[in-house]
Structure formats: structure tokens, C-alpha cells
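Enquirer: For the sequence shown, the numbering used here gives the first residue as 12, with consecutive numbering after it.
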Amino acid sequence: MSEDLVLVINSGSSSIKYQLLDPETSAVAASGMVERIGEAEGGIEHKADGKTVEHRGPIADHTAGLRLVFDMFAETGHDLASEGVHAVGHRVVHGGEVFYRPTLIDDGVVEAISELSSLAPLHNPANVAGIESARELLPGVPQVAVFDTAFFHGLPAAAKTYAIDAKVAAAHGIRRYGFHGTSHEYVSGQAAALLGRDPGALNQIVFHLGNGASASAIRGGNPVDTTMGLTPLEGLVMGTRSGDIDPGIVAHLVRSARMDIDQVDELLNRDSGIKGLSGVNDFRELQRLIDAGDPAARLAYDVYIHRLRRYLGAYLIELGGVDAITFTAGVGENSPQVRADALAGLTRFGIAVDPDRNTAKDRAARRISPLDAEVAVLVVPTNEELAIARAAREVVAAG
Ligand code: ADP
């Protein structure tokens, strides 16, 4: 039966990632991904009970994709349409000023998420497509939106305000919103649990290092700063995104390179970061190029680490000292090299990484600093799907 399970949907412009899971036990009943929606040849990979079922062929839109997914669920023992699910949790990228907690979806909420598309043109329309498809295919099942920006809603004014003309900023919703909030909230909570400490009593820095990457400074469970801003482009160097640049570069590219604004946007979002500097965006490939002596790959890595350390220093000062530094997501969980280089030479600040603990082949949440070090350095696997499923269940329970 699927009644206790929550279906989590993360809908992109041409893809849908999904997971059917038990928010109580975190057990995953099934998961998968729809890819290349709207292209000549789409694909679905669906995993359930250790088996993988595949589909190849054109997938016209998100609803067609989800319909195929529901057929695959039925084939593998979860007939969602007839047995039902407890709730559907949707990851929504931008909540703007409007949404700062998980929200039960109705027509008005869909409309409001849609209206926020000017702030997240690549993401919110795709999220709305996923929501509308799921509502159509599972009428009567409560649907909950969980926002990537929500955790950072209460950032202090000094941290969220850009120093530009205040009237222009107000007219266009320009402020720092922050993203990856579901991950930063979940991981900082797990870090406190691992240390057996009350989150309210801890100063934490979290590095979420995946394809997208962000850092946050958290005091007593509340974020006081984060690296992403109006959009997920600001801050750390990422797989294909530049992170921080001089905003004057944009005007220079428009005037001197005669790029139009969409080309600049594409350059900074898709052809910059690790990829722009080295030609590859996957960190494992970058590591192989570095090992082979490629100087561009080396420079890309050095720029990546330099930016990380710049924010580490900023957040140490903002927090006035830190109790825990936690690494998460693809690179953060899997690259001992990045963790060691990010924190090298900081023993005078009580920060150190134990080489054996750092390189141990362990997937679980763990401490990698020496036990007597003042600052706990941790690796905590993120689990945004579980956090979204739990949030959805709570919203439904609250009515
Ligand atoms: P997303 O932001 O898409 O969710 P992930 O959190 O899955 O990204 O992280 C993807 C990144 O993690 C990629 O750059 C990938 O190369 C990197 N990664 C995954 N496994 C390893 C590994 N064993 N060593 C180094 N990097 C890894």
C-alpha cells in the first residue's frame, strides 16, 4: 500500500526527478527521473525494489511524463492512482517575499508561484508544470510546495540588502533570497543531532557543494548569511556558474563583446565556473585532468578553493566563532581533497581535519576533525527529498 508514502517531485524545464518514500522511516519505495521532455527522444529510468525499468520515446510534456511514470509505478507494485499516496511534495525554487514556509497548494498558490517566474525564469515555470501535472493526475491528494528560498527568509537586513538604488530594488523585488535552503536546514539539523547538541546553541557554517554550490552561516538554527542571492548565480564557483563576479563585466560584455543579455546570462550560468575554466563541469573529471597535469584544471580548482575560503573567513567573523563546519552534496560528501584544502592551515582558529577520518570510506554522517579540535568538522549527506516529504506530511497533518 502507498497510503503512508509521500511522492516528492523536483521538476525542471525538461526533466522530472521523483521519489516515493516513507517520511517516518526514510525508506525509499521507488525513485526515478524523466529526461529530455519535449525533445525527439525522451527517457525514463524508474527504480523500485532493486529493479530498474526503462522507457524510451518522445515525451510531449510534463503531464505525459508523469503519466508514464505512474504506469511504471503500477507495474512495480505501487498503483498511485487507485491506492493513493499521503501527499505530494513539490520542490519549488523561488518563493520570493510571498512564501517562507511549506505551503498547501491551491489555485491561488499555483498562480502566485507562476507570478514569481520573473525572479526565476528557468525554474518556477518548470515547477508549476510539475505541480499542474500532479494535480491533474492525482486529484484529491494534498499537494505541498516546499521552497528553496524559505529557510533564508529571515536573513538580517544587512545581509539581504544589495547596495543599489533602494527604489529600483523595491520595485523589482531585488534582494538576496538564498537557495538550497531545504538542504542547509536539514544538514545543519543533522549536524547538531550528530554532536548531541541543541541547534539553538550552535554557530554553524554549512558548505553545500554539488553542481550548484552555496554556503551558509547559521546562528542558533537561524541563517544569518548565505552565498546565493537574487538568483542561484551568486557566491561560490560552481560546475557551470561563475558565482561572484564584478557586475561591471556584464556591461563590458554587452558593449565590447556585443553580446545580448541572454548570451551573457547563458555564459554566466552554463559556460562558466569549473566548466568555463577547465572544459569539464564534473568534479571527478576535473580531478583526473589535474592528476594528468592539466594547468587549466589546476587553476579552476584553485579558484574554487580560494572562493570557498574567502566565504569561510567572512562567516567565521560574522558568527564571531564557529562550533561546526559541515560539508554536504556531491563534492562535499565525496571529495576529501576539497575538504582538506578548504580548511588547510587554520589550526590557530581551532579548525583542523584528521587525514585518516577525512579519507575513511564511510557514507554516514561523521566527524572528520580530531576529537580534541575546538571546531567540529563534519560530513553530513544531504537528503532534500526526505526533508520535503517530512515538510509535506507536517503541512497535511496541520490541515
Ligand atoms: P546536484 O547539484 O546536481 O544535486 P550533486 O550534489 O549530485 O549535484 O553533485 C554533483 C557533483 O558531485 C559533480 O560535480 C560530481 O562530479 C561530484 N561528485 C560525485 N561523486 C564524487 C566523487 N566520488 N568525488 C568527487 N566528486 C564527486
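Think of the CB as a built atom: it goes at the ideal place given N, C-alpha and C, for glycine as much as any other residue.
Quick one: grab the DSSP three-state call for Tyr173.
Expert: The answer is coil: DSSP assigns Tyr173 none of H, G, I, E or B.
Enquirer: Please list the terminal residues of the continuous beta strand (DSSP E) segment that includes Leu220.
Expert: 214-220 is the span of the beta strand (DSSP E), which, as asked, contains Leu220.
Enquirer: Between Arg374 and the ligand ADP, is there a pair consisting of the residue's CB and a ligand heavy atom that are separated by less than 7 Å?
Expert: Result no, Cβ not under 7 Å from the ligand ADP.
Enquirer: Is the CB-CB distance between Val391 and Gly221 below 8 Å?
Expert: Not closer than 8 Å, so no.
Enquirer: In the DSSP output, what is Glu56 paired with across the bridge?
Expert: Answer is Met44, Glu65.
Enquirer: Give me, in chain order, the residues of the same chain whose beta-carbon lies closer than 8 Å to that of Ser125; leave out the 5 immediate sequence neighbours on both sides.
Expert: If we look at Ser125 and ignore the five residues flanking it on each side, its Cβ neighbours are Asn135, Pro136, Val139.
Enquirer: Along the chain, which unbroken stretches of the beta strand (DSSP E) at least 3 residues long are found entirely within the segment 94-162?
Expert: Counting only runs of 3 or more, we get 98-103, 154-158.
Enquirer: Mind checking whether the beta-carbon of Asp305 lies closer than 7 Å to any heavy atom of the ligand ADP?
Expert: No, the beta carbon of Asp305 sits no closer than 7 Å to any heavy atom of the ligand ADP.
Enquirer: Assuming Ala402 and Val155 form a contact by the criterion Cβ under 8 Å, report the distance between their Cβ atoms to the nearest whole angstrom.
Expert: Indeed, because the Cβ distance is near 7 Å, the residues count as touching under 8 Å.
Enquirer: Say yes only if the C-beta of Phe294 is nearer than 7 Å to one or more non-hydrogen atoms of the ligand ADP, and no if none qualify.
Expert: Yes; taking the cut-off as 7 Å, the Cβ of Phe294 has a heavy atom of the ligand ADP nearer than that.
Enquirer: Comparing the CB of Gly221 with every heavy atom of the ligand ADP, is any distance shorter than 7 Å?
Expert: Yes, Cβ of Gly221 sits closer than 7 Å to a heavy atom of the ligand ADP.
Enquirer: Rounded to the nearest angstrom, what separates Val349 and Val314 at their Cα positions?
Expert: The alpha-carbon atoms of Val349 and Val314 are separated by roughly 12 Å.
Enquirer: Below 8 Å between beta carbons: does that hold for Ala387 and Arg377?
Expert: No, they are not a contact pair.
Enquirer: Which same chain residues, not among the five before or five after Leu264, have their C-beta less than 6 Å away from its C-beta?
Expert: The residues are Met270, Val275.
Enquirer: Given the structure, does Val342 come close to the ligand NAP, in the sense that its CB is under 7 Å from one of the ligand's heavy atoms?
Expert: The ligand content of the structure shown is limited to the ligand ADP, which means the ligand NAP is not among them.
Enquirer: Indicate whether Pro34 and Ala409 have their beta-carbon atoms separated by less than 8 Å.
Expert: For Pro34 and Ala409, no; Cβs fall outside 8 Å.
Enquirer: Pop quiz: Glu196 and Ala398 are said to be a contact at Cβ under 8 Å. What is the actual Cβ separation, rounded to whole angstroms?
Expert: At roughly 7 Å, the Cβ-Cβ gap stays under 8 Å, so Glu196 and Ala398 are in contact.
Enquirer: Which residue wins for smallest C-alpha separation from Gly254, given the options Val80, Arg112, Gly165, Leu319?
Expert: Nearest C-alpha to Gly254: Leu319.
Enquirer: State the CB to CB distance for the pair Met239 and Gly232, rounded to an integer number of angstroms; the pair is presumed to be in contact (CB under 8 Å).
Expert: Not a contact, Cβ separation roughly 19 Å.
Enquirer: Among the residues of its own chain, which have a CB less than 6 Å from the CB of His191, if the five just before and after it don't count?
Expert: Around His191: His219, Ser225.
Enquirer: Between the Cα of Arg2 and the Cα atoms of Leu133, Glu147, Gln298, Tyr326, which residue gives the shortest distance?
Expert: Outside the displayed range of the chain (12 to 410) lies residue 2, so it cannot be described from this structure.
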